[in-house]
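Heads up, the thing below is written out as structure tokens.
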DNA sequence: TCTGGGGTCCTAGGACCC
DNA sequence: TCTGGGGTCCTAGGACCC
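In my numbering, the protein residues as written are 29 to 438.
So this is what it looks like as structure tokens:
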């Protein structure tokens with residue numbers, strides 16, 4: 029224990045916190061349904077593989093990415109749940125709000141993580157309090173790390189999961205980095221880990237101990253930045269507010285089997301556009317640029333982009349921009365396996381007054397507000413554009429009717 | 001694993017200009 | 001122009017993260 033009278037500005041010239049959910053999706057399910065507590069619980073995602081699992085499931089040998097049928101064989105008593113991202117997002121919003129009670133500098137890094145910067149005299153006491161509040165109010169446990177940089181705070185929060193509370197004051201870095209393999213450091217992926225291993229660097233401490241000139245000579249800027257952060261020099265800022273704003277919205281889908289059918293490929297593309305626009309509207313965002321790609325069975329990409337006539341989140345406007353590009357892009361002798369779309373140049377939707385006079389925009393907005401309302405009431409994608417009908421074979425037929433800007437709708 | 005889906009950032013190299 | 005050395009802007013794609 030350090031003497032309580034010690035001046036903490038020496039130990040934390042900057043106090044960066046990282047808060048990280050423990051088995052987050054699975055924990056949320058347990059918080060919602062307490063009878064699951066203590067049981068092996070798995071949240072399954074696409075195509076029936078585990079995307080999150082409780083520590084009880086982990087203890088029985090279940091791992092992320094394991095197919096559901098295999099999990100059931102391994103552990104018949106396991107509870108498998110489909111996953112409810114909207115609910116997890118609600119818990120995440122409450123998590124951010126709790127951390128904001130202690131500082132306004134909060135970066136919403138992902139659905140189960142945030143960074144924050146503290147300016148208090150005793151940051152170690154504050155992080156204990158944050159962690160206790162999260163546990164008490166959400167019923168979900170978080171691991172919390174405190175250090176002098178973002179990269180070190182990440183090391184700290186990961187150091188003792190679950191329910192870990194690890195503080196790395198200035199000067200104590202080495203003891204925490206010595207057992208961390210270099211590939212586990214935030215920002216070092218497989219390619220760089222391999223390169224470092226070939227150079228004889230295996231742990232985070234060995235990387236941090238390299239002389240600066242070697243790092244600058246052998247690596248690009250991102251890894252020089254990491255090296256500096258591991259050595260306690262703050263490079264990465266905590267991005268709160270506008271800086272943290274989302275810059276693009278993407279929707280991509282691989283289809284099986286791959287196809288040469290032009291109408292079908294276009295239908296998938298329209299479906300992706302619908303999805304991206306729906307999410308943009310849900311977040312009150314509008315986009316200025318459209319990017320899309322067609323991906324062949326050989327993983328060759330053809331990319332296209334267009335600037336939209338104005339900032340918009342109207343599906344019809346985006347489809348209208350995409351259609352002529354698609355017509356030119358599509359090749360009849362290529363086998364396609366996926367399409368994807370990205371809306372970029374994203375900004376919050378401007379108010380009615382600023383749009384005053386733009387009748388087209390007003391009407392489009394109105395139409396899609398209706399679409400979203402119907403979606404909320406009857407399930408997303410109850411209404412959709414006629415071209416994407418191709419991908420909905422097998423869906424029960426509904427009476428169809430026509431709406432302005434949407435064309436034929438079912 | 002024969003290769004999911006949603007994001008961000010950086011860099012190498014070509015085109016173009018002086 | 002038989003051609004040196006820059007800047008700048010753009011794009012394709014790599015690398016990484018959750």
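From the three backbone atoms N, C-alpha and C, an ideal C-beta is built for every residue, glycine too.
- With fewer than 16 other beta carbons inside 10 angstroms of its own, residue 62 counts as exposed.
- Nearest C-alpha to residue 103 among 114, 137, 68, 132: 68.
- By the Cβ criterion, the region 287-298 is not in contact with the region 255-270, since fewer than three pairs of Cβ atoms, one from each stretch, lie closer than 8 Å.
- Rounded to the nearest whole angstrom, the CA to CA distance from residue 158 to residue 46 is 11 Å.
- DSSP places residue 47 within a strand segment (E or B) once states are collapsed to three.
- If you look at residue 156, you'll find it in the alpha helix (DSSP H) that goes 151-166.
- For residue 63, there is no enclosing alpha helix (DSSP H), as DSSP gives it neither H nor E.
- Around residue 173, the same chain offers 46, 181, 184, 185, 194 as residues with beta carbons nearer than 6 Å, after the five sequence neighbours per side are excluded.
- By DSSP's assignment, residue 72 forms a beta bridge with 78.
- Judged by their CB atoms, residue 140 and residue 264 are not nearer to each other than the 9 Å cut-off.
- Within the region 169-256, the runs of alpha helix (DSSP H) at least 4 residues long that lie entirely inside it are, in chain order, 178-187, 201-205, 218-226, 232-236, 240-246.
- Around the C-beta of residue 241, fewer than 16 other C-beta atoms lie within 10 Å, and the residue is accordingly described as exposed.
- When DSSP states are grouped into helix, strand and coil, residue 115 belongs to the helix group.
- Inter-residue distance for residue 235 and residue 334 is about 43 Å (C-alpha atoms, whole angstroms).
- Linking residue 317 to residue 296 through their CA atoms gives a straight-line distance of about 19 Å.
- If you ignore the 5 residues before and after residue 262, its C-beta comes within less than 6 Å of the C-beta of 42, 177, all in its own chain and listed in chain order.
- Assignment of residue 364 by DSSP, reduced to helix, strand and coil, places it in the strand class.
- The C-beta distance from residue 277 to residue 395 rounds to 20 Å, too long to fall under 8 Å, and the pair is not in contact.
- Annotation: the continuous beta strand (DSSP E) that includes residue 321 extends over 313-324.
- Residue 309 counts as buried, since at least 16 other C-beta atoms from the protein chains shown sit within 10 angstroms of its C-beta.
- Note on geometry: alpha-carbon atoms of residue 204 and residue 258 lie some 11 Å from one another.
- Excluding residues up to 5 positions away in sequence, nothing lies with its Cβ nearer than 8 Å to the Cβ of residue 98 in the same chain.
- Residue 276 is bridged by DSSP to 372.
- With respect to the C-alpha of residue 199, the residue from 370, 40, 398, 368 having the closest C-alpha is 40.
- In the three-state reduction of the DSSP assignment, residue 334 falls in the strand class.
- Judged by DSSP secondary structure, residue 308 falls within the alpha helix (DSSP H) whose first and last residues are 290-310.
- The alpha-carbon of residue 112 is positioned some 16 Å away from that of residue 168.
- Assignment of residue 131 by DSSP, reduced to helix, strand and coil, places it in the coil class.
- Put simply, the backbone Cα of residue 338 is about 22 Å away from that of residue 355.
- Residue 143: not part of any alpha helix (DSSP H); member of the beta strand (DSSP E) spanning 141-146, first to last residue.
- Between residue 100 and the set 366, 72, 83, 118, the nearest pair of CA atoms involves 72.
- Per the DSSP secondary-structure output, residue 95 pairs in a beta bridge with 77.
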